[in-house]
Amino acid sequence: MCGIVGYIGNREAYPIILNGLKRLEYRGYDSAGVALYDGSDIQLSKTQGKVADLEKKVSKEISTKGTLGIGHTRWATHGVPNDINSHPHYSNSGDLVIIHNGIIENYAAIKKELSNRGYTFKSDTDTEVLVNLIEEIKKQHKVKLGKAVQIALNQVVGAYAIAVFDRKKPDEIVVAKLGSPLAIGIGDNEFFVASDATPFIEFTNNAIYLEDEEMAIVRRNKEVKVRKIKDDSLVDPYIQELKLNLEQIEKGGYEHFMLKEIYEQPSVIKDTYRGRLLAEQGIVKLGGLEDYIQKFTHADRIIIVACGTSWHAGLVAEYMFEDLARIPVEVEYASEFRYRNPIITEKDVVIAISQSGETADTLAAIKLAKEKGAFVYGVCNVVGSTISRETHSGTYTHAGPEIGVASTKAFTTQITVLMMIALRLAKEKGTLSQRDYMLHLNELSRIPGHVEEALRSDDKIQEIAAIFKDASNFLYLGRGYNFPVALEGALKLKEISYIHAEGYPAAEMKHGPIALIDEQMPVVVIAVNSNHYEKVVSNIEEIKARKGKIIAVVTEGDTTVKELADYIMEVPKTPETLTPLVTTIPLQLLSYHIAVLLGKNVDQPRNLAKSVTVE
Ligand code: F6R
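Here the numbering used here is used: the first residue of the sequence shown is 1, the next is one more, and so on.
Here it is in structure tokens:
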């Protein structure tokens, strides 16, 4: 968690850092701070709250002059969110100042040792311990900052992306990474450091993404030197050309990023299959998959590991792979998988799904699977992310930056990639007739149009949201391919409106949840055309008999459910296998509108952060 940003060059650092923090706020937003070198000393200001609160405080508190600085936006791990625990943190002498994204697991032992040597601590954070460890090493070993950072990092256990500078040597920033991301933007005699490239995209297209256990000293008007933290060897860094543009990371006229991202789905789904799905020629070709097809077709099973929304996409994939390609699938929460001594062999293929490509639990699950000899395939959105580099091969979703904390377009593009994989495997194994295979290719290429059509119900969905916004609980029900969509619909509502919601397979209702139903309970039922349609209709009857309020997602032209339901949200007809791509849309909009009507912070819901880089 947390976003870090830094600048050293010839421009004023503060506006760059402030703007960078605003772009990184998706990573955490319970407190924020900056430290600037004004030519003679450090100017530091920090506060509990958002970057906007910091901006106000800075204007009253410090001088914003200076061409070197660092900034931080926090998602608390050690120590509650308050002014003192906010970053940056000073060392005891006041010479060093640090920002940190991650967790130092052995901080307590180090803190004790430093306390014995007379160090004192203002905050409850592991980060303040780290900066004082660096200071102590610098003094003891009489070394420069870079060396002291290196020695310190060889003593700590945990995860970090750090940036630190010394007021006595204000011509360099030392950065290092293990487990949390860190990009260095290379400008013309200027450098940027940040958790991702968005803070510096308008200044440079060239970036180095540090690998784990690498550090760099970024010096004013000099080359960046990258070293291995363990053995001090110099690394020849790969300078990546960035393909991001500013428009992609701005709201583009929408009130919230979440809404923008919901509306982007028709175009990003197209981007996901562009050049990979050639429907008329009957071809699905995924660069990362072709060389490894045999691994999949000869696998005993596919294990999917992911968290949150990505896990829901994995559940949809379970239906697709088993149904279309006849390969057994298990879907695991990465956080459970990594700790339960799972049985994995070389004949297993593991698919890791992650929007950010940085989720700590998913990353740990990948490492475990690799250790046990499995082939690991990634489905990631963020290009160059840690997971995309840790996996043996993979496919990017090409959804573009997802900034709203609640995942929307990541989900539908993940399903699009997973469907293409399922179809490619089905073709290879001959488990689908040519007719069905071609039908799927054609129908998948029509999905962007269907999503566009589903989005046209927005006004109607907003009216439904207004009716139910004050409910305290919601149930979401679906069957088959749409059971994971019910889970995802409930998750979206919970995370942005703070209304309690549960997703269930519709048939499970009578085994317990039906007891919850009364006239106060809105039940969202996905009742589109499918093999289970009649069964879902029976489930709706059961809810109706208990006076529950039914909001149904139905296929255009449906009459049966329309008669039974209190409200309907229509989606275009598509084969059952592809329905999650359209049924998800009204559920995203429903959550969005309820949260907006309740006055919630849709893009930055409380307690959450976009990428969960701690376990
Ligand atoms: C929900 C949401 C989270 C993420 C989860 C995994 O809207 O955003 O549940 O899906 O934290 O994140 P990634 O996909 O980045 O691994």
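We put the CB at the ideal spot given by N, CA and C, even for glycine.
TODO: List the whole-angstrom C-beta distance separating tyrosine 209 from glutamine 240, where the pair is believed to meet the contact cut-off of C-beta under 8 Å.
DONE: So it is a contact: roughly 6 Å between Cβ atoms.
*DSSP-derived helix/strand/coil call for arginine 219*: When secondary structure is reduced to three states using DSSP, arginine 219 falls in the strand class.
Touching by the beta-carbon criterion (3+ pairs, under 8 Å), the segment 287-306 and the segment 362-379 = Contact holds: three or more Cβ-Cβ distances are below 8 Å.
Checklist entry - Is leucine 491 near the ligand F6R, judged by its Cβ being under 7 Å from some heavy atom? => result Leucine 491 Cβ: within cutoff of the ligand F6R.
Using a strict less-than 5 Å threshold between each residue's beta carbon and the heavy atoms of the ligand F6R, what residues do you get? Working through the chain, the matches are Cys307, Gly308, Thr309, Ser310, Ser354, Gln355, Ser356, Thr359, Ala406, Ser407 and Val612.
| said: So threonine 359 and serine 611 are supposed to be a Cβ contact under 8 Å. How far apart are they, rounded? | reply: Serine 611 and threonine 359 do touch by the CB rule: their CB atoms are close to 6 Å apart, below 8 Å.
Open item on the list: Per DSSP, what are the beta-bridge partners of phenylalanine 375 in this structure?
Closed with: Beta-bridge partners of phenylalanine 375 (DSSP): Val349.
Does the pairing of the segment 46-64 with the segment 110-119 give three or more beta-carbon distances under 8 Å? Inter-segment contact for the segment 46-64 and the segment 110-119 is absent: fewer than three beta-carbon pairs are separated by less than 8 Å.
Out of Thr272, Val554, Arg117 and Lys427, which one is the CA nearest neighbour of glutamate 290? That would be Lys427, whose Cα lies nearest to the Cα of glutamate 290.
8 Å contact criterion, which isoleucine 464 and leucine 597 should meet: CB distance rounded
Not a contact, Cβ separation roughly 11 Å.
Residues of its chain near methionine 438, where Cβ-Cβ distance is below 7 Å and the 5 sequence neighbours each way are ignored = The beta carbon of methionine 438 is closer than 7 Å to those of Gly282 in its chain, skipping five residues each way along the sequence.
Subject >> Distance between threonine 408 and alanine 325 (C-alpha atoms, nearest Å) >> reply: Roughly 26 Å separates the two Cα atoms.
Checklist entry - What is the DSSP secondary structure of valine 614, reduced to helix, strand or coil? => result Looking at valine 614 - three-state DSSP - the assignment turns out to be coil, as it is neither helix nor strand.
I'd like to know whether the C-beta atoms of glycine 275 and serine 393 end up nearer to each other than 8 Å. The answer is no: Cβ separation not under 8 Å.
Measure from the alpha carbon of valine 268 to the alpha carbon of each residue in Asp518, Leu581, Glu55 and Phe121, then state which is nearest.
-> Among Asp518, Leu581, Glu55 and Phe121, the Cα nearest to that of valine 268 is on Leu581.
Going along the chain, which unbroken runs of the alpha helix (DSSP H) with 4 or more residues stay wholly within the segment 473-535? If we require 4 residues or more, the alpha helix (DSSP H) runs fully inside the segment 473-535 come out as 483-497.
Point to revise | Identity of the residue in Asn19, Lys139, Ile447 and Leu564 nearest glutamate 199 by Cα | key: The sequence as given places proline at residue 199; glutamate does not occur at that position. The option with the nearest alpha carbon to proline 199 is Asn19.
Isoleucine 447 and methionine 569 closer than 8 Å at C-beta: No, they are not a contact pair.
Residue nearest to alanine 552 in terms of C-alpha spacing, selected from Pro575, Thr574, Lys535 and Pro586: Cα-wise, what sits closest to alanine 552 is Pro586.
ask   = Is the beta carbon of leucine 278 sitting closer than 8 Å to the one on isoleucine 421?
value = Going by C-beta atoms, leucine 278 is not nearer than 8 Å to isoleucine 421.
So, are the CB atoms of isoleucine 151 and isoleucine 137 less than 8 Å apart? Between isoleucine 151 and isoleucine 137, the gap from beta carbon to beta carbon is short of 8 Å.
Rounded separation between alanine 369 and phenylalanine 121 - CA only
The straight-line gap from Cα to Cα measures roughly 40 Å.
> What residue does the alpha helix (DSSP H) around alanine 609 start on, and which one ends it?
Replying inline: No alpha helix (DSSP H) contains alanine 609, which DSSP labels as neither H nor E.
**Spatial distance of proline 484 from valine 316 (CA atoms)** = Cα-Cα distance, rounded: 6 Å.
| Span separating the alpha-carbon of serine 335 from that of leucine 363 | It is roughly 10 Å from the alpha-carbon of serine 335 to the alpha-carbon of leucine 363.
> DSSP beta-bridge partners for cysteine 380?
Replying inline: Here cysteine 380 is bridged, per DSSP, to Ser354 and Tyr396.
### Task
Rounded to whole angstroms, what's the CA-CA distance from phenylalanine 203 to serine 180? Just pull it up for me.
Phenylalanine 203 and serine 180: Cα-Cα distance of roughly 23 Å.
Next on the checklist: tyrosine 273 and leucine 444 - do their beta-carbons sit closer together than 8 Å?
Outcome noted: Yes, these two residues count as a Cβ contact at 8 Å.
(Q) Using only CA atoms, which one of Gln48, Glu330, Val571 and Gly49 lies nearest to serine 457? (A) When each option's Cα is compared against that of serine 457, the closest is Val571.
(request) State the start and end residues of the unbroken beta strand (DSSP E) segment that holds glycine 71. (result) First-last of the beta strand (DSSP E) with glycine 71: 68-74.
Check: Exposed or buried, which one is proline 522 when buried takes at least 16 other CB atoms within 10 Å?
Finding: So proline 522 ends up on the buried side.
Using the three-state DSSP reduction, which class does glutamate 105 fall into: helix, strand or coil?
Collapsing the DSSP output to three states places glutamate 105 in coil.
**OP:** Name the one or two DSSP bridge partners that isoleucine 283 has.
**Re:** Per DSSP, the beta bridge partners of isoleucine 283 are Leu278.
Point to revise | Which listed residue (Thr412, Ala406, Glu332 and Thr391) has its alpha carbon closest to that of threonine 397 | key: It is Thr412.
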